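S.K.: Just passing along the structure, written as structure tokens.
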Amino acid sequence: MGDTPVLFVKIERLRRLHRAEHLAVPVSRGADGKYGLGLTDDNEVIKLHAETNAGLIFPGDQILAVDGVNLGRERLSALLSSDLFSASEHVTLTVSRRRSDTKDNAISGDVFASLKLLRGDGSTLQEYPSDMWSARTDVAWGACWTIRCPRGAAAASLCLHRSLLFTDPLVGSATLDFDELALGEITTAWHGFRPERSMWATRAVGAGRTVVHGEALLSVSLHLGS
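Sequential numbering from 4 applies to the sequence shown in the numbering used here.
What follows is the structure in structure tokens.
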């Protein structure tokens, strides 16, 4: 990228601060034209109203996207009834599902985030930590960064850390590749914190699945500075 861009990142909320997998699940409309999913305002499945997608979608699943279109703050029902999907009989949902082979409790206590600017080889150029925050999922966080990126910056990594008495262990990180960001536009979407492989002692992850340890709703934009 020839020009020096300005990166804006804001953490809107945290949620599902436990080990989970992101996976793609194909679903279909039933005879009544509906998918039969009972959802919270945050697009978490609380029950199935019909057998149409039983065995595919389960209570506790968090719906993240439809055919690659991120939900962000939008309700699943609104997106499915939009011009994009109102005529579709089948769609693929991206789902966050708690791993059944783990018994860990959700993260609690104080946390902080650190935004790293990365070179193309993944090495760190600069790092900017946030203030401390209580790990709550029912309130907005609001930590944000506006950074003029130095030349050579190719991506950013948002890392979530627990703050313990003598250590600040990494929960996981979410990478924002600059080439995948729409220049000049603000996007708001959920991003999973992917843990370091060495932190896991669970069974192998299936093909097409991503392991995460919590999610953050991020508003992100990249634009050219004046």
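Positions of the beta carbon are idealized from the N, C-alpha and C atoms, including for glycine. In this text, all values refer to a predicted model and were calculated from it rather than measured experimentally.
Which word fits G217, buried or exposed, when buried means at least 16 other C-beta atoms lie within 10 angstroms of its C-beta?
M.R.: The sequence position of residue 217 within the sequence shown is 214, counting from 1. Buried, since its Cβ has 16 or more Cβ neighbours within 10 Å.
S.K.: With distances taken from CA atoms, which of F196, T178, R18, E24 is nearest S99?
M.R.: For the purposes of this step, residue 99 is identified with residue 96 of the sequence shown, where counting begins at 1. Ranking F196, T178, R18, E24 by Cα distance to S99 puts E24 first.
S.K.: Going by other Cβ atoms of all chains shown within 10 Å of its Cβ, with 16 needed for buried, is Y131 buried or exposed?
M.R.: As a position in the sequence shown, residue 131 is number 128, starting the count at 1. By the neighbour-count rule (16 or more Cβ atoms within 10 Å), Y131 is not buried but exposed.
S.K.: When you compare each of T213, L227, D171, L163 to E188 by their alpha carbons, which one comes out closest?
M.R.: If you number the sequence shown from 1, residue 188 lands on position 185. Checked all of T213, L227, D171, L163; the closest Cα to E188 is L227.
S.K.: Write down the C-beta distance between L51 and G41 rounded to the nearest angstrom, noting that I regard them as a contact closer than 8 Å.
M.R.: In the sequence shown, residue 51 corresponds to position 48, counting from 1. In the sequence shown, residue 41 corresponds to position 38, counting from 1. Indeed they touch by this definition, with Cβ atoms about 7 Å apart.
S.K.: Looking at the unbroken alpha helix (DSSP H) that takes in L83, where does it start and where does it end?
M.R.: Within the sequence shown, residue 83 is the residue found at index 80, counting from 1. Here the alpha helix (DSSP H) through L83 covers 79 to 83.
S.K.: Determine the closest residue to L82 out of E92, H93, V69, with distance taken between C-alpha atoms.
M.R.: Locating residue 82 in the sequence shown gives position 79, where the first residue counts as 1. Nearest C-alpha to L82: V69.
S.K.: Are V215 and R197 touching if we call contact CB-CB under 8 Å?
M.R.: Taking the first residue of the sequence shown as 1, we reach residue 215 at position 212. Taking the first residue of the sequence shown as 1, we reach residue 197 at position 194. Cβ atoms of V215 and R197: closer than 8 Å.
S.K.: Should L186 and L225 be called a contact, given that it needs their Cβ atoms to be closer than 8 Å?
M.R.: As a working mapping, residue 186 is identified with position 183 in the sequence shown. As a working mapping, residue 225 is identified with position 222 in the sequence shown. A contact, by the Cβ cut-off of 8 Å.
S.K.: When you compare only the Cα positions, how much space is there between R19 and T7?
M.R.: Here residue 19 corresponds to residue number 16 of the sequence shown, with the count starting at 1. Here residue 7 corresponds to residue number 4 of the sequence shown, with the count starting at 1. Their backbone Cα atoms lie some 35 Å apart in a straight line.
S.K.: Which residue from N56, R101, E92, C147 puts its Cα closest to that of L118?
M.R.: In the sequence shown, the residue the question calls residue 118 occupies position 115. Among N56, R101, E92, C147, the Cα nearest to that of L118 belongs to C147.
S.K.: If you pair each beta-carbon of the region 27 to 40 with each one of the region 89 to 96, do three or more pairs fall below 8 Å?
M.R.: They touch, by the three-pair rule.
S.K.: Suppose only complete runs of 3+ residues qualify. What are the beta strand (DSSP E) ranges in the region 73 to 151, listed by chain order?
M.R.: List check, beta strand (DSSP E) in window: 93 to 101, 113 to 121, 127 to 132, 147 to 151.
S.K.: Can you tell me the Cβ-Cβ gap for I66 and N46, rounded? I've got them flagged as a contact below 8 Å.
M.R.: In the sequence shown, counting from the first residue as 1, residue 66 sits at position 63. In the sequence shown, counting from the first residue as 1, residue 46 sits at position 43. The pair is a contact, with the Cβ atoms about 4 Å apart (cut-off 8 Å).
S.K.: Which of the three DSSP states, helix, strand or coil, is assigned to E218?
M.R.: The sequence position of residue 218 within the sequence shown is 215, counting from 1. It is a strand residue.
S.K.: My output table needs one value for F181: the three-state DSSP class, helix, strand or coil.
M.R.: The residue labelled residue 181 in the question sits at position 178 within the sequence shown. DSSP places F181 in helix when its eight states are reduced to three.
S.K.: DSSP three-state label for A158, please.
M.R.: As a working note, residue 158 is residue 155 in the sequence shown. In the structure shown, A158 sits in a strand (DSSP, three-state: E or B).
S.K.: Using 8 Å as the threshold, is the C-beta distance between M135 and D113 below it?
M.R.: Here residue 135 is taken as the residue at index 132 of the sequence shown, counted from 1. Here residue 113 is taken as the residue at index 110 of the sequence shown, counted from 1. Going by C-beta atoms, M135 is nearer than 8 Å to D113.
S.K.: Using the beta-carbon count (16 or more within 10 Å), is R154 buried or exposed?
M.R.: Against the sequence shown, residue 154 aligns to sequence position 151. By the 10 Å Cβ count, R154 comes out exposed.
S.K.: Of all the options T55, L26, D180, which has the alpha carbon lying nearest to the alpha carbon of A158?
M.R.: Here residue 158 refers to the residue found at position 155 when the sequence shown is read from its first residue. Checked all of T55, L26, D180; the closest Cα to A158 is D180.
S.K.: Just to confirm my understanding: we take T178, look at its own chain, exclude 5 residues before and 5 after, and list those with CB closer than 7 Å. What are they?
M.R.: Taking the sequence shown and counting its residues from 1, the one referred to as residue 178 is at position 175. A158, S160, listed in sequence order.
S.K.: Please go through the region 35 to 77 and give each complete beta strand (DSSP E) segment of 3 or more residues, from N-terminal end onward.
M.R.: 40 to 42, 48 to 51, 65 to 69, all fully within the region 35 to 77.
S.K.: Thinking C-beta only, is A116 closer than 8 Å to S1?
M.R.: Any answer about residue 1 is impossible in this case: the structure gives the chain only from 4 up to 229.
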